[in-house]
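Protein sequence lines, in the order shown, are assigned to chains A, B, C and D.
Using our numbering, the first residue of the first sequence is number 1169, and each one after it goes up by one.
Using our numbering, the first residue of the second sequence is number 1169, and each one after it goes up by one.
Using our numbering, the first residue of the third sequence is number 1169, and each one after it goes up by one.
Using our numbering, the first residue of the fourth sequence is number 1169, and each one after it goes up by one.
Below: the structure, in structure tokens.
Protein chains: 4
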Amino acid sequence: MNNGFIIKELGKREHKSPLELQTWAQEDVRILIDATIHNDNSDKSVNTLEVSGPHRRLFFNPAETKAAIVTCGGLCPGLNDVIRASTMVLWHRYGVRNILGIRYGYEGLVESYGHTPIKLTPDIVEDIHQKGGTILGSSRGQQNTGEIVDFLEKNNINILFTVGGDGTQRAAMEIADEVGKRNIAISIVGIPKTIDNDVAFTERTFGFETAVALCQTPITCAHMEAKAVRNGVGLVKLMGRDAGFVAAYATLASSDVNLLLLPEIPFTLEKVLEFLETRFEEKNHAVVVVAEGAGRNIIESTGTDKSGNVKYGDIGVFLKEQIKKHFKSKQKEVNIKYIDPSYIIRSAPANANDSVFCFQLAGNAVHAAMAGKTAMVVGLWNGQYVNVPMEKTTSTRKTVDLEGHLAINLLDNTGQPPLV
Amino acid sequence: MNNGFIIKELGKREHKSPLELQTWAQEDVRILIDATIHNDNSDKSVNTLEVSGPHRRLFFNPAETKAAIVTCGGLCPGLNDVIRASTMVLWHRYGVRNILGIRYGYEGLVESYGHTPIKLTPDIVEDIHQKGGTILGSSRGQQNTGEIVDFLEKNNINILFTVGGDGTQRAAMEIADEVGKRNIAISIVGIPKTIDNDVAFTERTFGFETAVALCQTPITCAHMEAKAVRNGVGLVKLMGRDAGFVAAYATLASSDVNLLLLPEIPFTLEKVLEFLETRFEEKNHAVVVVAEGAGRNIIESTGTDKSGNVKYGDIGVFLKEQIKKHFKSKQKEVNIKYIDPSYIIRSAPANANDSVFCFQLAGNAVHAAMAGKTAMVVGLWNGQYVNVPMEKTTSTRKTVDLEGHLAINLLDNTGQPPLV
Amino acid sequence: MNNGFIIKELGKREHKSPLELQTWAQEDVRILIDATIHNDNSDKSVNTLEVSGPHRRLFFNPAETKAAIVTCGGLCPGLNDVIRASTMVLWHRYGVRNILGIRYGYEGLVESYGHTPIKLTPDIVEDIHQKGGTILGSSRGQQNTGEIVDFLEKNNINILFTVGGDGTQRAAMEIADEVGKRNIAISIVGIPKTIDNDVAFTERTFGFETAVALCQTPITCAHMEAKAVRNGVGLVKLMGRDAGFVAAYATLASSDVNLLLLPEIPFTLEKVLEFLETRFEEKNHAVVVVAEGAGRNIIESTGTDKSGNVKYGDIGVFLKEQIKKHFKSKQKEVNIKYIDPSYIIRSAPANANDSVFCFQLAGNAVHAAMAGKTAMVVGLWNGQYVNVPMEKTTSTRKTVDLEGHLAINLLDNTGQPPLV
Amino acid sequence: MNNGFIIKELGKREHKSPLELQTWAQEDVRILIDATIHNDNSDKSVNTLEVSGPHRRLFFNPAETKAAIVTCGGLCPGLNDVIRASTMVLWHRYGVRNILGIRYGYEGLVESYGHTPIKLTPDIVEDIHQKGGTILGSSRGQQNTGEIVDFLEKNNINILFTVGGDGTQRAAMEIADEVGKRNIAISIVGIPKTIDNDVAFTERTFGFETAVALCQTPITCAHMEAKAVRNGVGLVKLMGRDAGFVAAYATLASSDVNLLLLPEIPFTLEKVLEFLETRFEEKNHAVVVVAEGAGRNIIESTGTDKSGNVKYGDIGVFLKEQIKKHFKSKQKEVNIKYIDPSYIIRSAPANANDSVFCFQLAGNAVHAAMAGKTAMVVGLWNGQYVNVPMEKTTSTRKTVDLEGHLAINLLDNTGQPPLV
């Protein structure tokens, strides 16, 4: 059981770690080298996922297949990579010649909007991955499921790829249900899109790594602006509605952040202001990163958006105003520079690593759809591409575990105190 | 067993896939959602890996611990991140105050070279991750194991972090053996460094993703140069001695490559020249990417380097000359532009994603060492940081599986024919 | 007179140009190849400028000279380059060993603030040009001239380099006046800093070209965001209080802008809204760039800032709100994304071309100061570095000439209609 | 005459400058604020240049005009900008509808090569400036002037824009001569292209600033590689056949270069090796930048290229070998890393500042051509766009003046000793 890599006199191991943690490495927990299971009889839907890949027998006859791709919700680096790769694999690998690009999200699947789809070919998509955005356009909000399935039927569409977040995949699941009820054969395969990286049952979503990389410049700039004045605050609002992964990884990569506020980390305004006062005494400046979904306990909601998400006031603007007000009331100088780089990040092209990921993700989405899979999304899990039932992927979300190692790394990195 | 996501009339699944593959997705293969094993009695050293992380009880008393870090071999993005993070975690988390940066690789652990170590503190390492290279310097080649252990003993070093490739970790294993023989308590913990990403039992090595990203510009430039002239060839040599992952991923991310030559892909010079002739007739230009270790069957070895690796002639220069010669002999025009970006890539700073990875890797190396682990390296496996015995990690190497999905993606992407 | 490069049958030149211009190239206007004048007796202060450069005889004895550098106002790429180059030239070329970096702008020259200057040496400044911001810190607003001169006298400062904009150089002129009145020998030499490039008698100010380059990404992102939705507007606010050079050059470089609003271009809100309505009918989206000082006729002033500049409401936010309101009232969809990249640009490091410019500018400032010049700033004019009296440089400002070729290029580039 | 900016007690100016220069600032030399001359009777062809710009009366009737654009020689950032802007201005400003893009340089103007020109329209050129290279292709070498004029006549081309270097413009002058002899009305207007920035009578050539910027990364990488090993040399070969401006400005911008070798700076191999030995003793590493045309006294010529330029052996490879050989013979360690980034720089897209420059340069070329100018190139001089007779522009070249301020800045910056 000794793997040959423990110092012999382990009996002397008698020093208490100075770390204050809730979770420690456990000697009896190990990682399987091979996480694949063959011919297992356990309840597969509970603790395993189907492996993605090309199938020997197809459900659809490529020569007669008509596929459509729709991109929904906000921009995310990699959308054009996904459109490009789906088209390329359908066309070159399977010989599918009818590929439609649906315009402006689900709107484009409702006849009354009158958005004509684009015919997608390798020539059209060849270079699109070099630009950000989506060549198809997008929109937010729900459309009538029945009307969408009418559109699919009327246009003889056999496969629909739905590229979008939570709401998009929930709507896709409803489309698949309605397709099932009508007893027609249309495959609905999702490619999860969230810059926040909080989709369950996929280690990673496309655009996330690009976003983390693109957050570095705003954080560095905030640092420079903050250091250049007395009592300078560089305040950067980053992505993260419910999960703070972008802000967390961006902070770890930068190492210039002094205070990190995530949706997962409870904090009071008083503690934030107190932190700044202390910091000014020691260092004259501070870099603060706040995820857009942080501090919902301290700001008010302002209704819901078209996709049904609850809307809140802007935590970045709120903090900027509150910090100004506080120091003014104390007659202390504060120079706050607020940076909100969201649109510069969301509309950027994918970096190399995300491009490769999009290529492989879209390829597996095509393989699944051609084999007749439906009501599923593609994901990456334990190093393998997997097919995840939409029901499963929309049932829960990943968030930053405050007792996990990422959270510990963050506290180490910023050195920030408890904020409640 | 139906996960609710197969189209009902699956009986109709009767079309043969047009893909020509050796490996197909298997319905009965699934991925475990949780690849961790608790209290298992199976042979752990064979099919599982130990989980990394901080331990409640330490082997070394932080107040008395002296740690040293050594960086060996060629440059790789992230070396300074690793030096920085090790120092930060040792200092801030554990309170270790004696941290030495060993100069110029293993040379710095041999007294007769006279390289004085640098004292590492948070102040010194604060911003080093923003620059490429290694602040410690590096060297290639073997040193006498006994002399190294003499140095460690004489300087009262308790922990040695060895940052380097295959050769470095094999030497580290010998150091750990010698330490064991002398019955002294020095922990030897490795952090695998290879820009080629071919270390076994870690999904990823630091610097790899940065390298793939930095290969994009040379490939794009080769494309522009090739297209700008009649019968233009843009030839780019990328990293990859034994495994072609860098060239492979760079090709997938770029989508501009027409011919990819990897160490894993057998090819003859004749087939390469034939490919170019055909390509010129159709397209007037070609982009060729060759990994440095490709084509060993067609060039001669030129001895071994200081680290004992067999050296070969330069495949890039060889191909350039052969292509010129061939077309000259056929009195056809060829305009070849050869780009070898190796040093521009190796000496770059890590990108954001690699920075985070280095931070977490080095943190876990410190946790392991403080707990008295030795003769091991840290890695990432199935989404978790793991401690891998040096014996295991140096016993084999990852290569591109020519029957796997990556290879299929590559052929799809380049459209290149068989080359033998 | 025929320079040998007019087509012979010039008599046939009989076609009217389709261009509608106010200003045409005039055949009888020519450019002097050599704009330098030797031993001229004309009124030099009116139509010529003194050439910069090192002098054979110095006013100050390097061994006894104490120099100080102060950076004032907002951040601008290149501040650290100027600090670095001044220090390097003083130290290495002249042997000056007392160089002070004044903290937080003019505040640092007033004793009661208690900001201790930094001792500048080649070691300290070696790498600072690789980062944005200013290592000295900055502040806005006026300080008492008498107190500043008291500080200079008390600290035996012989040379003061004032790096800043209009207000800074006006204050510097007052310091030079007070120094003159006290009959003491302190040289006050300015280095004009304005990201807006509107300083008179210098072709260029440092940071301007870097800023133009850094505006490209936000404009591209605005384009991507606008195109991705129906009736999308990408609205980007760029620098330019009184002169729109940054927005103008950024627009020319990008070629993606459909509407450009500069301080120099009169426009009404109605015409802007009308333009958008027309544009949506044709193209479904629009990219709008507005300089921060544009539209002062349509927004209200909100007092003055610490430096005495009149403050206005935020034209970017104003336009965003008005556009939303307008289309809502017409029950038409509009999706506006507003990007304000100001701090990301101002705090960036200088690009290569600006770095060289800063090096040469600062070098000439040192040469002038050592030779006893005072109440002057350095500039670039007709390809030569020049010494410009502060009185001259602060007497007027450059703006975009609406009848000049730049303005014509802009209208060509955007295709926008008259806006009044 | 006192401009109010000399310290009063100037009589005390009694200290000798420690600088050792050949050229000093002269008090009696001044710069004209306005370098334009109106209605002057002096010999214009000698000391003045014609101002560029649109003319009220045209020589060619836009509706009947056929224009062609040809790009020759090696790649340079901005070629596509020039193609794009020429097309845009011809089409949108003048209404010209027949615009040909000539393929593969002058080859495309010789019928026997059979290269069909591309029809250029705004749609085709819209985004081409975002990519490097030239969409038209290029070639080197001379073609028969008579055949070219035959082609122009046969295809009814009225205007030919020749984008290329010295050789290209000399050939263009011969074409204009032949056109003159045939007494036909074809305007030949050049746009000088040289990444080396050595064209006479233009302050700047397009692509130069982009090149200087792109040299920064290779120099930084060379620095990192050199510092990472004992006796490390980072050797970078940069552009510059006859003039070292790229290497010079890149060195000034970087400040990491220890030895700079230009075509203009005489040096012996012995002095270079001596410098390295001394440097290793002090600093253990060195960064060396060599312009491709440096050291012609120490390497042999290897014939001439297709354009008639004398070819020399590769000075970078030569130095690398000689340095290795020297230290081997002295049994001293040397670790040399050689970087030749030429193709990565030449094939890059133009940066923002160069894009604007290309736009304005091409616009003025179009204005000149439409007005019937011929045998001229456009340039920038003393801040104005000018028309320069081809005879003048090809008669001489700019080089780095070893007694001028640029050379002094370089010596300051590198600290290198005399090398002969």
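Yeah, the Cβ is synthetic: ideal placement off N, Cα and C, and Gly gets one too.
**Q.** Per-residue burial, D/Gln-1311 [other beta carbons within 10 Å of its own, 16 or more giving buried]
**A.** Residue numbering aside, residue 1311 of chain D sits at position 143 when the fourth sequence is read from its first letter. D/Gln-1311 comes out buried.
(Q) Strictly under 9 Å for the Cβ-Cβ distance: is D/Pro-1230 near chain C by that measure? (A) For the purposes of this step, residue 1230 of chain D is taken as residue 62 along the fourth sequence, with counting starting at 1. By this cut-off, D/Pro-1230 is an interface position.
(Q) Looking only at its chain, what residues have a beta carbon closer than 7 Å to the beta carbon of B/Pro-1245, apart from the 5 residues adjacent to it on each side? (A) On the second sequence, residue 1245 of chain B is found 77 positions in, with the first residue counted as 1. Contacts found: Gly-1300, Gly-1375, Thr-1378, Ala-1379, Ala-1516, Pro-1517, Ala-1518 and Asp-1522.
Q | Assigned exposure category for B/Gly-1471 - 16 Cβ within 10 Å defines buried | A | As a position in the second sequence, residue 1471 of chain B is number 303, starting the count at 1. Taking all protein chains in view, the Cβ of B/Gly-1471 is surrounded by fewer than 16 other Cβ atoms within 10 Å, so the residue is classified as exposed.
**Q.** For A/Ile-1325, the nearest candidate out of A/Glu-1232, A/Thr-1561 and A/Asn-1550 (CA to CA)
**A.** Translated into the one-based positions of the first sequence, residue 1325 of chain A becomes position 157. Its Cα nearest to that of A/Ile-1325, the residue A/Glu-1232 stands out among A/Glu-1232, A/Thr-1561 and A/Asn-1550.
Q.
Is D/Lys-1498 a contact residue of the ligand ADP, with contact defined as CB to any heavy atom under 8 Å?
A. Looking at this structure, you won't find the ligand ADP or any other ligand, since it has none at all.
Q) Since B/Phe-1527 meets chain A, which of its residues come closer than 7 Å, beta carbon to beta carbon? A) By one-based count along the second sequence, residue 1527 of chain B stands at place 359. Ordered by position in chain A, the residues that pass the 7 Å Cβ test against B/Phe-1527 are Leu-1420 and Asn-1577.
Q) With DSSP run on the structure shown, which of helix, strand or coil describes C/Leu-1328? A) As a position in the third sequence, residue 1328 of chain C is number 160, starting the count at 1. Strand at C/Leu-1328.
Q) Does any C-beta atom of chain C lie closer than 9 Å to the C-beta of A/Pro-1186? A) Sequence index remark: in the first sequence, residue 1186 of chain A carries index 18 (1-based). The C-beta of A/Pro-1186 comes no closer than 9 Å to any C-beta of chain C.
Q: Rounded to whole angstroms, what's the CA-CA distance from A/Leu-1288 to A/Met-1538? Just pull it up for me.
A: The residue given as residue 1288 of chain A occupies position 120 in the first sequence. The residue given as residue 1538 of chain A occupies position 370 in the first sequence. The alpha-carbon atoms of A/Leu-1288 and A/Met-1538 are separated by roughly 18 Å.
Q. In terms of DSSP beta bridges, what is C/Asn-1266 paired with?
A. Translated into positions along the third sequence, residue 1266 of chain C becomes position 98. The beta-bridge partner set that DSSP reports for C/Asn-1266 consists of C/Lys-1234.
Q. Are the Cβ atoms of B/Gly-1572 and B/Thr-1370 separated by less than 9 Å?
A. Here residue 1572 of chain B refers to the residue found at position 404 of the second sequence. Here residue 1370 of chain B refers to the residue found at position 202 of the second sequence. The answer is no: Cβ separation not under 9 Å.
Q) Going by the beta-carbon positions, is the gap between B/Gly-1461 and B/Gly-1531 smaller than 9 Å? A) Along the second sequence, one-based indexing puts residue 1461 of chain B at 293. Along the second sequence, one-based indexing puts residue 1531 of chain B at 363. No, the pair does not count as a contact, with Cβ atoms beyond the cut-off.
Q | Any chain A beta carbon closer than 9 Å to B/Tyr-1417 | A | Locating residue 1417 of chain B in the second sequence gives position 249, counting from the first residue. True, the Cβ-Cβ gap to chain A drops below 9 Å.
Q: State the start and end residues of the unbroken beta strand (DSSP E) segment that holds A/Ile-1359.
A: Working through the first sequence from its first residue, we reach residue 1359 of chain A at position 191. Where A/Ile-1359 is concerned, the enclosing beta strand (DSSP E) stretches over 1355-1360.
(Q) Tell me the DSSP secondary structure of C/Pro-1586 in three-state form. (A) Residue numbering aside, residue 1586 of chain C sits at position 418 when the third sequence is read from its first letter. Residue state, collapsed to three classes: coil.
Q. Mind checking if B/Pro-1285 is an interface residue toward chain D, Cβ cutoff 9 Å exclusive?
A. By one-based count along the second sequence, residue 1285 of chain B stands at place 117. Using beta-carbon distances, B/Pro-1285 does not count as an interface residue toward chain D, since no partner is under 9 Å.
Q | Inter-residue spacing [alpha-carbon to alpha-carbon] between C/Val-1293 and A/Ser-1423 | A | Within the third sequence, residue 1293 of chain C is the residue found at index 125, counting from 1. Within the first sequence, residue 1423 of chain A is the residue found at index 255, counting from 1. Rounded to whole angstroms, C/Val-1293 to A/Ser-1423 spans 22 Å at the Cα level.
**Q.** Pick from B/Tyr-1272, B/Leu-1277, B/Ile-1387 and B/Ala-1368 that is closest to B/Met-1558, judged by C-alpha positions
**A.** Here residue 1558 of chain B is taken as the residue at index 390 of the second sequence, counted from 1. When each option's Cα is compared against that of B/Met-1558, the closest is B/Ala-1368.
Q) Since A/Gln-1490 sits in a beta bridge, which residues does DSSP pair it with? A) Here residue 1490 of chain A corresponds to residue number 322 of the first sequence, with the count starting at 1. DSSP output for A/Gln-1490 lists no bridge partner at all.
Q) For A/Leu-1243, which residues in chain C fall below 8 Å Cβ to Cβ? A) Here the question's residue 1243 of chain A lines up with position 75 in the first sequence. The answer, in chain order, is Met-1392, Glu-1393 and Ala-1396.
Q.
DSSP three-state label for D/Pro-1386, please.
A. Residue mapping note: residue 1386 of chain D aligns to position 218 of the fourth sequence, counting from 1. Collapsing the DSSP output to three states places D/Pro-1386 in a helix.
Q: Would you identify the three-state DSSP class for B/Met-1169, choosing helix, strand or coil?
A: Start at 1 with the first residue of the second sequence, and residue 1169 of chain B comes out as number 1. No answer about B/Met-1169 holds up, because its pLDDT of 29 lies below 50 and its placement is not dependable.
Q. Could you check where the beta strand (DSSP E) with C/Arg-1198 kicks off and where it finishes?
A. In the third sequence, residue 1198 of chain C corresponds to position 30, counting from 1. Note, C/Arg-1198: beta strand (DSSP E), 1197-1200.
Q) Per DSSP, A/Met-1544 forms a beta bridge with which residues? A) The residue labelled residue 1544 of chain A in the question sits at position 376 within the first sequence. Answer is A/Val-1357 and A/Pro-1557, bridged to A/Met-1544.
Q. Which ranges does the alpha helix (DSSP H) cover as unbroken runs of at least 4 residues, wholly within the segment 1417-1505 of chain A, from first to last along the chain?
A. Runs of the alpha helix (DSSP H) inside the segment 1417-1505 of chain A: 1437-1451 and 1483-1497.
**Q.** Segments assigned alpha helix (DSSP H), at least 4 residues, entirely inside the segment 1251-1313 of chain D
**A.** Taking only runs of at least 4 residues, the alpha helix (DSSP H) segments lying wholly in the segment 1251-1313 of chain D are 1290-1293.
**Q.** Cβ of C/Asp-1508 within 9 Å of any chain D Cβ
**A.** Residue numbering aside, residue 1508 of chain C sits at position 340 when the third sequence is read from its first letter. By this cut-off, C/Asp-1508 is not an interface position.
(Q) Can you tell me which residues form a DSSP beta bridge with D/Glu-1218? (A) On the fourth sequence, residue 1218 of chain D is found 50 positions in, with the first residue counted as 1. Paired residue(s): C/Arg-1198 and D/Asn-1555.
Q | Coil, strand or helix - C/Val-1401 by DSSP | A | Residue numbering aside, residue 1401 of chain C sits at position 233 when the third sequence is read from its first letter. Correct three-state label for C/Val-1401: strand.
Q) Is the distance from the Cβ of B/Val-1238 to the Cβ of B/Gly-1273 below 9 Å? A) The residue labelled residue 1238 of chain B in the question sits at position 70 within the second sequence. The residue labelled residue 1273 of chain B in the question sits at position 105 within the second sequence. For B/Val-1238 and B/Gly-1273, yes; Cβs fall inside 9 Å.
Q: May I ask you to list the residues that DSSP assigns as paired with D/Leu-1226?
A: Counting from one through the fourth sequence, the residue named residue 1226 of chain D turns up at place 58. Its beta-bridge partners are C/His-1183.
Q) How many Å lie between C/Cys-1389 and A/Cys-1383 at the Cα? A) Working through the third sequence from its first residue, we reach residue 1389 of chain C at position 221. Working through the first sequence from its first residue, we reach residue 1383 of chain A at position 215. Each residue's alpha carbon lies about 15 Å from the other.
Q) What is the DSSP secondary structure of A/Thr-1336, reduced to helix, strand or coil? A) Here residue 1336 of chain A is taken as the residue at index 168 of the first sequence, counted from 1. When DSSP states are grouped into helix, strand and coil, A/Thr-1336 belongs to the helix group.
Q | Residues bridged to D/His-1206 [DSSP beta-bridge criterion] | A | Position 38 of the fourth sequence, counted from the first residue, corresponds to residue 1206 of chain D. Its beta-bridge partners are C/Val-1197.
Q. Is any beta-carbon of chain A found at less than 9 Å from that of C/Gly-1484?
A. Looking up residue 1484 of chain C in the third sequence gives position 316. Chain A contact via Cβ: absent.
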